[in-house]
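Report on one structure; see the data block that follows.
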Amino acid sequence: MAPEHDLPSPAPSTLSASPLSATLLPPAPAYGRRSVAEVLGSAAASIGVDGFENRLGLPPARRICVVLADGLGRSLLKQKSAHTPFLRGVMQRGQGDVPVWLDSAFPSTTAASLASLGTGLAPGQHGLVGYDVLDPDQDKVVNMLGNWDAGVDPLDWQPFPTILERAAEHVDVTTVSLPQFGDSPMTRAALRGGTFVSGITSHARTAAAAEAMAASDASLMYFYVNDLDKAGHRHGSQSPEWEHQLEELDATVKRLDSTLPAGTTVLLTADHGMLDVAEAQRIDYSADPALVAGVRHTAGEPRMLHLYLEEDAGNADAGTARQRLLDAWRSRFGERIWAFTREEAIGAGLFGPVRSGVERRVGDVMIAARDALAFYDTRRVRPTAMEVVGQHGSLTKAEREVPLLCFQAAGKTPGPRRARG
Numbered sequence: 000m001a002p003e004h005d006l007p008s009p010a011p012s013t014l015s016a017s018p019l020s021a022t023l024l025p026p027a028p029a030y031g032r033r034s035v036a037e038v039l040g041s042a043a044a045s046i047g048v049d050g051f052e053n054r055l056g057l058p059p060a061r062r063i064c065v066v067l068a069d070g071l072g073r074s075l076l077k078q079k080s081a082h083t084p085f086l087r088g089v090m091q092r093g094q095g096d097v098p099v100w101l102d103s104a105f106p107s108t109t110a111a112s113l114a115s116l117g118t119g120l121a122p123g124q125h126g127l128v129g130y131d132v133l134d135p136d137q138d139k140v141v142n143m144l145g146n147w148d149a150g151v152d153p154l155d156w157q158p159f160p161t162i163l164e165r166a167a168e169h170v171d172v173t174t175v176s177l178p179q180f181g182d183s184p185m186t187r188a189a190l191r192g193g194t195f196v197s198g199i200t201s202h203a204r205t206a207a208a209a210e211a212m213a214a215s216d217a218s219l220m221y222f223y224v225n226d227l228d229k230a231g232h233r234h235g236s237q238s239p240e241w242e243h244q245l246e247e248l249d250a251t252v253k254r255l256d257s258t259l260p261a262g263t264t265v266l267l268t269a270d271h272g273m274l275d276v277a278e279a280q281r282i283d284y285s286a287d288p289a290l291v292a293g294v295r296h297t298a299g300e301p302r303m304l305h306l307y308l309e310e311d312a313g314n315a316d317a318g319t320a321r322q323r324l325l326d327a328w329r330s331r332f333g334e335r336i337w338a339f340t341r342e343e344a345i346g347a348g349l350f351g352p353v354r355s356g357v358e359r360r361v362g363d364v365m366i367a368a369r370d371a372l373a374f375y376d377t378r379r380v381r382p383t384a385m386e387v388v389g390q391h392g393s394l395t396k397a398e399r400e401v402p403l404l405c406f407q408a409a410g411k412t413p414g415p416r417r418a419r420g
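The opening residue of the sequence shown carries number 0 in numbering that gives the first Met the number 0; numbering runs sequentially from there.
Okay, structure coming up:
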């Protein structure tokens with residue numbers, strides 16, 4: 000089989016696994032086999048684009064539309080199936096050997112997972128290892144999603160070609176999304192390539208998708224929906240507002256089914272799931288000196304913290320600053336968290352293979368919520384951040400397992416098509 004990535008092999012990591020990583024941490028995401036990183040590459044291979052491998056076993060197709068529903072966890076989709084009559088019917092019909100669920104990237108957050116989707120690489124390679132992380136060159140925390148730092152070049156931070164731009168050399172490639180994402184740093188870093196088509200409403204975007212897909216005899220499309228995630232963060236995944244947006248998603252996919260050219264393969268997946276955190280469990284950890292002792296920078300997301308130690312503390316022998324920090328978190332929260340080191344995370348494969356330099360973006364100590372908790376450093380985040388209800392980022396099944404639905408659009412019989420040439 001042709002290699003999926005014509006890319007340099009990652010530099011061997013000098014960080015090794017410890018017994019803790021094997022006994023205390025959940026299994027790593029199934030990078031290379033059954034994760035969000037395999038979706039676009041498998042889609043390109045199923046269309047016949049050279050250089051990709053169909054690792055998800057998708058059926059051969061000439062047109063594929065990949066719908067990414069931000070925040071749609073597998074468990075939530077199953078739990079709320081009464082609100083999704085169309086998607087429920089798709090699930091009941093079955094999809095052969097195509098897996099019905101995937102792992103998100105780690106952390107289970109949009110920046111990491113969308114970068115894996117767009118590049119086909121694990122976070123240790125593409126380098127977007129959290130919502131916000133340390134830029135070692137600037138010695139400052141930088142955002143990886145909507146507020147990129149002016150000192151960070153997206154093409155330097157994530158230097159590998161995307162699947163969309165590689166596929167665009169062979170077939171028509173289109174992204175359908177909201178206008179503000181057309182030239183965002185996140186798009187330039189991980190989802191660049193092909194033609195960008197925008198629409199304010201879901202109706203406008205589905206109409207644009209149908210028109211673009213019908214215009215060519217071979218096409219790969221990425222269709223992004225973010226309303227579910229927004230409703231979850233603001234109101235919670237158990238709220239009427241979230242259920243309404245799930246119904247809207249169901250209607251959007253149903254419209255794609257009826258308007259895309261007949262026989263188009265539609266894939267529905269997500270970047271992460273979500274769970275709700277009660278207000279009393281949203282904790283300002285910076286108020287406890289022991290939980291930030293020796294810490295120079297805090298980053299990550301409320302359910303998956305990166306803690307970066309002062310330089311002297313980071314280089315201290317085992318049993319000093321870093322161990323005291325781990326002990327403090329474990330003493331305070333016990334089995335409600337996973338507390339582990341950078342070496343343990345990399346040794347356990349949570350980030351996949353890690354290229355040289357990326358390990359410095361990862362916290363010396365990492366705290367992942369196991370229970371329904373969220374952690375905030377109120378010295379550096381706005382007070383409104385603690386109003387967020389729906390949360391994600393950690394290693395629980397609710398956050399890391401996302402659906403993969405595969406079906407052929409009933410659609411309209413394709414009319415005259417423009418062959419690529």
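Note that the Cβ used here is the ideal one computed from N, Cα and C, for glycine as well.
What you are looking at is a predicted structure, and each value in this text was computed from that prediction instead of being measured.
For MET385, which three-state DSSP category applies? helix
Nearest chain B C-beta to ILE162 closer than 7 Å, yes or no? Although the question refers to chain B, the structure presented lacks it and comprises just one protein chain.
Counting along the chain, where does the alpha helix (DSSP H) carrying LEU324 start and finish? 320-332
Decide if the segment 316-330 is in contact with the segment 96-105; the criterion is three or more beta carbon pairs, one per stretch, under 8 Å apart. no
Note down the Cα distance separating ALA21 from ALA208, rounded to an integer number of angstroms. Model confidence at ALA21 stands at a pLDDT of 37, short of 50, so the residue's coordinates are unreliable; what they give is reported in the following sentence. Whole-angstrom Cα-Cα distance: 45 Å.
Measuring only the C-alpha atoms, how far is ARG417 from LEU163? Confidence is the limiting factor: at ARG417 the pLDDT is only 44, short of 50, which leaves the residue's position unreliable and the question unanswerable from this model.
Please report how far the alpha carbon of ARG187 lies from the alpha carbon of GLY119, in whole angstroms. 15 Å
If you draw a straight line from the alpha carbon of GLY299 to that of GLY126, how long is it in whole angstroms? 13 Å
Endpoints, the alpha helix (DSSP H) within which LEU76 is located: 73-78
State buried or exposed for GLU310, treating a residue as buried only when at least 16 other CB atoms are found within 10 Å of its CB. exposed
With C-beta atoms as the reference, is ALA371 less than 7 Å away from GLY72? no
Considering just the uninterrupted stretch of the alpha helix (DSSP H) at PHE85, what are its terminal residues? 84-92
Less than 7 Å separating the beta-carbons of ALA217 and VAL170? yes
From ILE46 to GLY31, what does the alpha carbon distance come to, in whole angstroms? 19 Å
If you count every other CB in all the chains shown that lies within 10 Å of the CB of GLU386, and 16 or more means buried, which is it? exposed
Bridge partners for VAL353 per DSSP, in chain order? None; VAL353 has no bridge partner.
Can you give me the Cβ contacts of PRO135 inside the same chain, cut-off strictly under 6 Å, excluding the 5 residues immediately before and after it? ARG359
For ALA68 and VAL265, believed in contact at Cβ under 8 Å, the rounded distance: In fact, because the Cβ distance is near 12 Å, the residues do not count as touching under 8 Å.
Here's the rule: buried if 16 or more other CB atoms are within 10 angstroms of the residue's CB, otherwise exposed. What is GLU242? buried
If I'm right that TYR375 touches ALA367 with Cβ under 8 Å, what's the distance once you round it to whole angstroms? That belief does not hold up - the Cβ atoms of TYR375 and ALA367 are roughly 15 Å apart, past 8 Å.
Please return the same chain residues whose Cβ sits closer than 8 Å to the Cβ of GLY235, not counting the five positions on each side in sequence. TRP241, ASP275, VAL388 and GLY389
Which partner residues does ILE282 have in the DSSP bridge list? PHE374
Identify whether TRP337 lies in helix, strand or coil by the three-state DSSP scheme. strand
Proximity below 7 Å, CB of ALA43 to CB of ALA166: yes
First and last residue of the alpha helix (DSSP H) that includes HIS243? 239-258
I'd like to know if the segment 26-41 and the segment 79-87 are in contact, where contact means that at least 3 CB-CB pairs between them fall below 8 Å. no
Residues in its own chain within less than 7 Å of LEU219 by CB, not counting five upstream and five downstream? ALA42, ALA43, ILE46, ILE63, ALA166, VAL170 and VAL172
Give me the Cβ distance between THR425 and ASP270, rounded to the nearest whole Å; I'm assuming they're in contact under 8 Å. In the structure displayed, the chain extends from 0 to 420; residue 425 sits before or after that span and is not available.
Pick out whichever of ASP182, PRO382, VAL65 and LEU227 has its Cα sitting closest to the Cα of ALA244. Residue identity differs from the one stated: residue 244 is Gln in this sequence, not Ala. Cα-wise, what sits closest to GLN244 is LEU227.
Suppose you measure from the CA of ARG254 to the CA of LEU116; what does that come to, to the nearest Å? 24 Å
DSSP three-state assignment for SER107, whether helix, strand or coil: coil
Nearest-angstrom Cβ-Cβ length linking SER34 and PRO28, presumed shorter than 8 Å: 5 Å
N- and C-terminal bounds of the beta strand (DSSP E) containing ILE63: 62-68
Cβ distance (whole Å) where ASP363 is taken to contact TYR307 below 8 Å: 6 Å
Status (buried if at least 16 other CB within 10 Å, exposed otherwise) for LEU154: exposed
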